[in-house]
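J.:
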Amino acid sequence: MNNKPEALIYRALDTFSIELPSWGFANTGTRFGKFIQVAAAITVEDKFSDAGQVHALTGTCPTVALHSLWDFPNGLEDVAHVQRWAEKYGVRPGSINPNVFQDQEYKYGSLGNPDAATRKRALDHILECVAVADSLNCRDISLWFADGSNYPGTQSIRNRIEWFEEALRKVHASLNPKQRLLIEYKPFEPAFYHTDIADWGMALLLARNSGPRAYVLVDTGHHYQAQNIEQIVAWLLYHQAIGGFHFNDRRYADDDLTVGSIDPYQIFRIFHEIHSYAWETGGSPDVAYMVDQSHNLKGKMEAMIQTVCTAQELYAKAAIVDHAHLASLQRTCSLVEAEECLRYAFWYDVRPALREWRRSRGLPEEPIQAFRESGYLERITAERRDRNASVVTTYA
Ligand code: RM4
Ligand code: MN
Ligand code: MN
766 MNNKPEALIY
776 RALDTFSIEL
786 PSWGFANTGT
796 RFGKFIQVAA
806 AITVEDKFSD
816 AGQVHALTGT
826 CPTVALHSLW
836 DFPNGLEDVA
846 HVQRWAEKYG
856 VRPGSINPNV
866 FQDQEYKYGS
876 LGNPDAATRK
886 RALDHILECV
896 AVADSLNCRD
906 ISLWFADGSN
916 YPGTQSIRNR
926 IEWFEEALRK
936 VHASLNPKQR
946 LLIEYKPFEP
956 AFYHTDIADW
966 GMALLLARNS
976 GPRAYVLVDT
986 GHHYQAQNIE
996 QIVAWLLYHQ
1006 AIGGFHFNDR
1016 RYADDDLTVG
1026 SIDPYQIFRI
1036 FHEIHSYAWE
1046 TGGSPDVAYM
1056 VDQSHNLKGK
1066 MEAMIQTVCT
1076 AQELYAKAAI
1086 VDHAHLASLQ
1096 RTCSLVEAEE
1106 CLRYAFWYDV
1116 RPALREWRRS
1126 RGLPEEPIQA
1136 FRESGYLERI
1146 TAERRDRNAS
1156 VVTTYA
């Protein structure tokens, strides 16, 4: 066992940050409808304000992921507003997420659409997002595609691969030297027969084909039941191909539930792969940790603070694994001892050390409680109630 877990925990917390999704503060729903929260963010300014508040209470979320259509619908023209809100609320724009799945034109796909004009439109949109990222000084352009088909025989899977390869090479060529392209995969939904980028292998091949600064993005909710996600992470680490995570939890499909709410051991095992890689190679992998959740029933601000605290706890737990000891147990195939070595860290209560870390950095020891006492929720509820009342909630 490690003798000084506290020192390891502090070091881990000092280097850990996690990006908040702007869309996690806005009203979202299921395909059956939306239940409006009166305190939810409506404008981009609201989202920055909420993200800034979560960062102020946790000290761990300096950046906000932005979604093109929802946060800068006018492309480059909106950059100045985004910059203003970022400065005002003390959080920086983070990954830039193009949106090529919402417009009517994308009914049959974006970069994989059989229609060349639609493919071009999607490519142009992504290129504009790269330019937006450049002017906001954002490093990561994070791509997720809804492309796919619903019925066998209705699309040429191979043609679509070629179209994706072609376009992604152009996107990569437009990056500035500091930027990276993150390619996200998802097995199904909204496409229910084939999805063009359905798993990490497809994402990896497309990344490799695009260029040296294209990486795979692992969204923890985008796997089949029982899939071993930490093994995927280990493979991507081994091949230096992992660029980031979208964290969330799930019970069935892409449920976007609070991190660690269903299976905290899963997230711990992922973090363990990362810490173990860092221990072995002597350097932390350059991986962006991001939240991708949408809370429909929980209060959005509280759920986001809960998420950040849980991610910190699990990251800190994984940081106290005794890697040298574990490696020697693995070599001798001391199975129970090796497993117990991992479990010791998982069950270790890091919360007292976390409280101490927060205190020493001038942060509230209990961020959720501090949020409840801050009056912020009451203020935004009063400010946004009327504006939210006019939001259309019907699905059909
Ligand atoms: C997708 C995927 C993307 C996210 C969209 C809104 O399922 O997780 O990352 O941007 O949802
Ligand atoms: Mn995602
Ligand atoms: Mn998702």
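For the sequence shown, counting from 1, position 24 maps to 789 in the working numbering; every step adds exactly one.
All residues carry an ideal CB built from backbone N, CA and C; glycine is no exception.
All figures in this text were calculated on a predicted structure; none of them were measured in a lab.
Measuring CB to CB, does LYS943 end up less than 7 Å from ARG904?
T.: It is a contact, given that the beta carbons lie within the stated cut-off.
J.: Leaving out five residues on either side along the sequence, give the residues of the same chain with a beta carbon under 8 Å from the beta carbon of SER1155.
T.: Excluding sequence neighbours, SER1155 sits near nothing in its chain.
J.: Can you tell me where the beta strand (DSSP E) with SER860 in it begins and where it stops?
T.: Note, SER860: beta strand (DSSP E), 857-862.
J.: Quick one: what does DSSP say LEU969 is sitting in, helix, strand or coil?
T.: In this structure, LEU969 counts as helix in the three-state DSSP scheme.
J.: Under the rule that 16 or more other beta-carbon atoms within 10 Å means buried, what is ARG1123, buried or exposed?
T.: Answer is buried; the Cβ neighbour count reaches 16.
J.: Pull up the CB-CB distance for TYR1141 and GLN818, whole angstroms please, since I reckon it's below 8 Å.
T.: Correct: roughly 6 Å between the Cβ atoms.
J.: Mind checking if GLU927 is an interface residue toward chain C, Cβ cutoff 7 Å exclusive?
T.: Here chain C cannot be found, since the structure has a single protein chain.
J.: Please go through the region 1013-1078 and give each complete alpha helix (DSSP H) segment of 4 or more residues, from N-terminal end onward.
T.: Runs of the alpha helix (DSSP H) inside the region 1013-1078: 1029-1046.
J.: Report the residue from GLU1105, MET1069 and TYR1003 whose alpha carbon sits nearest the alpha carbon of LEU785.
T.: Out of GLU1105, MET1069 and TYR1003, MET1069 has the C-alpha closest to the C-alpha of LEU785.
J.: Pull up the DSSP beta-bridge partners for VAL829, would you.
T.: Bridge partners of VAL829: LEU785 and PRO858.
J.: Is ASP964 close to ligand 3? I mean its beta-carbon at under 6 Å from any heavy atom of the ligand.
T.: Answer for ASP964: no, Cβ out of range of ligand 3.
J.: What would DSSP say about ARG945, mapped onto helix, strand or coil?
T.: Three-state DSSP puts ARG945 in a strand.
J.: By DSSP, does GLY817 sit in helix, in strand, or in coil?
T.: DSSP places GLY817 in helix when its eight states are reduced to three.
J.: Cβ atoms of ALA991 and TYR980: under 7 Å apart, would you say?
T.: Cβ atoms of TYR980 and ALA991: not closer than 7 Å.
J.: Classify ASN915 as buried or exposed, calling it buried when 16 or more other Cβ atoms lie within 10 Å of its own Cβ.
T.: Under this definition ASN915 is an exposed residue.
J.: Give me, in chain order, the residues of the same chain whose beta-carbon lies closer than 7 Å to that of VAL1073; leave out the 5 immediate sequence neighbours on both sides.
T.: Once the five neighbours on either side are set aside, the close Cβ partners of VAL1073 are ILE783, VAL819, THR823, THR825 and CYS826.
J.: Smallest Cα separation from LEU1107: which of ALA1084, ASN1153, LEU1119 and TRP850?
T.: The residue with the shortest Cα to Cα distance from LEU1107 is ALA1084.
J.: Name the residue from CYS894, ILE922 and LEU1091 whose alpha carbon lies nearest to the alpha carbon of THR960.
T.: When each option's Cα is compared against that of THR960, the closest is ILE922.
J.: Applying the 10 Å Cβ sphere with the 16-neighbour rule, what's the burial state of TYR1080?
T.: Buried, since its Cβ has 16 or more Cβ neighbours within 10 Å.
J.: Decide yes or no for the touch test of the region 890-899 against the region 1037-1055: beta carbon pairs closer than 8 Å, at least 3 of them.
T.: As far as the Cβ criterion goes, the region 890-899 does not touch the region 1037-1055, which means the pair count is below three.
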